[in-house]
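Data first, discussion second: the structure below is written as structure tokens.
In our numbering, the protein residues as written are 4 to 910.
Written out as structure tokens, the structure reads:
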């Protein structure tokens with residue numbers, strides 16, 4: 004750019020006026036002249052010239068050279084016209100020599116001053132231009148330095164583009180800026196500032212595509228690309244647009260895009276400078292991209308290595324450079340422990356020489372070795388090696404796979420194959436081969452044994468004759484359909500065994516085809532399934548029976564408890580489908596608390612039969628009680644348990660209700676029994692009484708025994724004990740009635756026989772109770788004298804222990820009460836002396852029985868009472884009961900009531 008252009012540009016920038024400077028210069032001269040004309044009388048002529056010169060100098064300084072020339076011409080004419088005589092004449096300027104001298108002096112002086120001012124301004128402007136250039140150069144150097152600092156500090160791939168863009172945008176003083184980085188066929192914005200989001204979104208697509216959707220870079224030059232971007236920026240209202248390429252080695256890597264809404268913002272020098280910056284950024288970008296690609300490549304390689312299931316070793320001449328974690332884990336080391344180690348040192352010493360020869364010879368491919376782990380154990384490995392270039396060196400990449408489990412599996416497979424051959428011979432399973440075209444059949448010796456043959460077959464037709472006539476057509480059709488469809492076959496059929504027996508065979512196999520699809524040969528495996536078919540037939544018959552049963556029926560395999568068959572009642576009860584139930588074991592149907600018992604119950608059922616109750620669990624998790632009956636059987640050579648299972652939920656509920664009813668009844672019976680046999684009989688002065696009652700079946704049924712001690716109206720001491728025939732509520736009701744009736748009559752009557760006669764009339768049974776009666780022993784004692792009157796109605800004799808140690812029995816008696824209408828009951832008299840004891844009891848004492856010996860009877864009572872002189876009435880009653888219980892060995896089978904009265908006073 005020329006100096007004038009620079010000066011013009013600076014003047015324009017400084018004033019911001021341009022062509023308007025000329026009218027201003029004219030106005031200044033006109034205003035000055037008008038003012039001087041008005042003030043001419045007051046201002047000397049020399050001052051006029053000075054003011055004109057000052058004005059010209061001001062115009063030259065502020066408005067420029069050419070406006071100053073205009074001001075000079077106008078000032079010269081105005082001075083000559085208005086201030087040199089004669090006024091109003093320009094030419095000649097003066098009529099005398101003085102006028103000429105003044106005009107010439109003004110002209111020369113003004114011209115000299117104007118010229119001097121112009122020269123001074125030019126020098127000053129050149130100095131300012133140099134200063135500005137130096138400042139601009141400093142700014143540019145600072146920008147370059149800061150951009151390079153950003154590039155070296157982080158790089159364009161790590162966040163510095165935004166900082167670099169800020170530096171460029173601030174330097175160029177523009178409204179918007181962006182850096183576009185090439186991605187394939189497009190130039191999307193990598194970073195931007197000042198552009199609207201809508202503009203960026205549209206530009207990211209339109210940067211490299213035409214309006215029709217084509218790829219612009221395939222047919223457009225770099226200049227056309229910039230033109231396209233400029234056009235779209237102008238449409239957005241930007242007046243100044245700069246597109247600066249980022250290149251390296253002739254390759255376009257990206258663009259710097261600058262926009263401003265003011266005109267003329269980008270000079271050629273600025274563009275050239277930005278291109279230099281762009282070149283530096285392009286070089287840095289290319290370098291960083293290369294570093295990134297290398298880094299990503301290494302990361303991908305490491306990620307692949309770490310993600311591999313195999314161990315990876317990178318080695319140079321047998322020395323480990325890198326290993327992945329899998330390799331370290333395989334040997335029990337940390338990766339750092341293996342780096343620098345010699346690979347042959349990790350190999351089994353017996354194979355070390357082979358490994359060294361492989362490494363030194365650069366052998367590639369696959370081999371197997373034994374590696375030594377950190378704990379000195381050996382593992383089987385398979386290695387695959389390949390030579391590659393790595394960081395300028397030739398290294399070997401080795402993939403190592405642990406095949407220890409595979410080796411163990413191969414060994415196990417070998418043993419399994421041997422066992423399979425043995426199992427085939429034992430399980431009657433044989434293989435065969437048939438060539439359809441020739442009809443040739445290859446059959447092993449085991450096949451002839453399976454079919455019961457002693458002579459070899461010569462052709463396929465001979466084999467057909469062994470097949471059951473009803474099965475041959477189906478067998479051949481099913482086999483041919485499978486072979487034609489290139490599918491394996493699985494067929495069951497019957498044969499006519501050499502023994503004359505019809506047996507079942509299962510054949511599995513398939514065909515081998517040539518390239519044209521023709522059958523070359525057919526291979527098959529025959530297995531004797533006769534036992535299984537028979538078992539299925541047995542199960543089928545059982546199934547027909549079980550389907551008619553409302554109970555659950557399960558067939559369980561003894562060996563593992565697997566359910567092999569179930570009826571529909573089982574499916575309904577447990578909520579499973581048939582397939583679900585047949586996939587379960589009997590253990591799965593048991594509640595957790597019942598599982599430990601399963602094995603013993605299965606063993607018991609297999610040994611014969613077993614019946615028990617347990618808990619089963621439905622599919623929804625709910626448990627229910629069941630009653631199980633199971634029995635073992637052999638079906639098809641296999642032990643199977645057939646279990647019939649009944650849901651006893653309702654029965655359990657009924658049992659619980661019965662139990663509760665019995666408990667309620669027992670409580671009611673206990674209350675009734677307590678009313679019949681009071682716990683503490685009443686006593687009288689001079690007499691002690693005691694009683695004991697023992698039911699034969701406590702809480703289950705009420706007996707008919709009763710007793711009572713009472714006072715009569717005339718002061719006598721009464722005692723009664725009785726036993727109603729039978730048990731239960733009816734007997735208890737009659738006992739209560741008899742006790743109450745006797746008590747009532749004895750209160751008024753002093754004759755025991757008369758009391759019983761009246762009671763007999765009242766208690767005479769009728770209807771269904773006609774056979775029920777009461778045995779009674781009633782005593783009335785005169786307390787002062789000890790005289791007792793008594794009447795015995797069919798009851799066992801009362802015993803009297805005398806103070807001399809003897810035992811008497813009051814045996815005379817009458818028929819039971821309630822048995823014979825109008826019966827007379829006799830009254831007898833006896834006496835209790837001081838210290839004597841009267842013992843009343845029921846027949847449960849006499850009938851206490853010992854197997855093989857007999858009843859307790861009178862002699863047993865006598866013997867039990869012999870030594871009771873020093874015992875209290877309660878002790879006497881207890882000892883008599885204990886003696887009877889000992890006699891029966893604890894098996895007393897009837898209710899027992901004992902009442903003891905001792906006379907303790909009198910004489």
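We put the CB at the ideal spot given by N, CA and C, even for glycine.
Neighbourhood of residue i by C-beta distance below 6 Å, restricted to the same chain and skipping five residues each side
i	result
residue 755	781, 783, 792, 793, 794 and 830
residue 527	435, 510 and 512
residue 536	507
residue 51	39 and 86
residue 790	834
For residue i, the three-state DSSP class (helix, strand or coil)
i	result
residue 222	Confidence in residue 222 is poor, its pLDDT being 37 and thus under 50, which makes the residue's placement too unreliable to answer from.
residue 236	helix
residue 76	helix
residue 433	strand
residue 327	coil
residue 765	helix
residue 824	coil
residue 23	helix
residue 895	coil
residue 717	coil
residue 906	strand
residue 587	coil
residue 601	helix
residue 351	coil
residue 515	strand
residue 62	helix
residue 489	coil
Identity of the residues DSSP links to residue i by a beta bridge
i	result
residue 634	612 and 645
residue 911	Any answer about residue 911 is impossible in this case: the structure gives the chain only from 4 up to 910.
residue 844	901
residue 388	368 and 401
residue 314	403
residue 793	782 and 831
residue 248	258
residue 465	Note: residue 465 sits in no beta bridge, so no partner.
residue 619	593 and 627
residue 155	In the DSSP output, where bridge partners are listed per residue, residue 155 has none listed.
residue 507	497
Integer-rounded CB distance, given that residue j should sit under 8 Å from residue i
i	j	result
residue 721	residue 713	5 Å
residue 851	residue 891	4 Å
residue 469	residue 494	About 15 Å; that fails the 8 Å criterion.
residue 556	residue 593	Not confirmed; about 17 Å, so no contact.
residue 827	residue 760	6 Å
Cβ-based neighbour list, residue i, same chain, cut-off 8 Å, excluding 5 preceding and 5 following
i	result
residue 343	322 and 323
residue 516	489, 522 and 523
residue 381	351, 373, 374 and 375
residue 251	282, 285, 286, 288 and 289
residue 406	371, 383, 384 and 385
residue 626	594, 618, 619 and 620
residue 562	641 and 642
residue 860	849
residue 805	811, 836 and 839
residue 773	With a pLDDT of only 49 at residue 773, under 50, the local geometry of the prediction cannot be trusted, and no value is derived from it.
residue 895	697, 699, 847, 851, 887 and 888
Close-in-space but distant-in-sequence residues of the same chain around residue i (CB under 7 Å, 5 per side omitted)
i	result
residue 266	242 and 243
residue 554	572, 647, 648 and 649
residue 475	467
residue 455	500, 501 and 502
Top-ranked residue by Cα proximity to residue i, from the options
i	options	result
residue 725	744, 785, 715 and 240	744
residue 711	828, 717 and 692	692
residue 902	55, 269 and 846	846
residue 707	716, 690, 688 and 729	729
residue 578	606, 735 and 624	624
residue 347	318, 440, 411 and 838	318
residue 236	275, 414 and 180	180
residue 585	576, 574, 600 and 567	567
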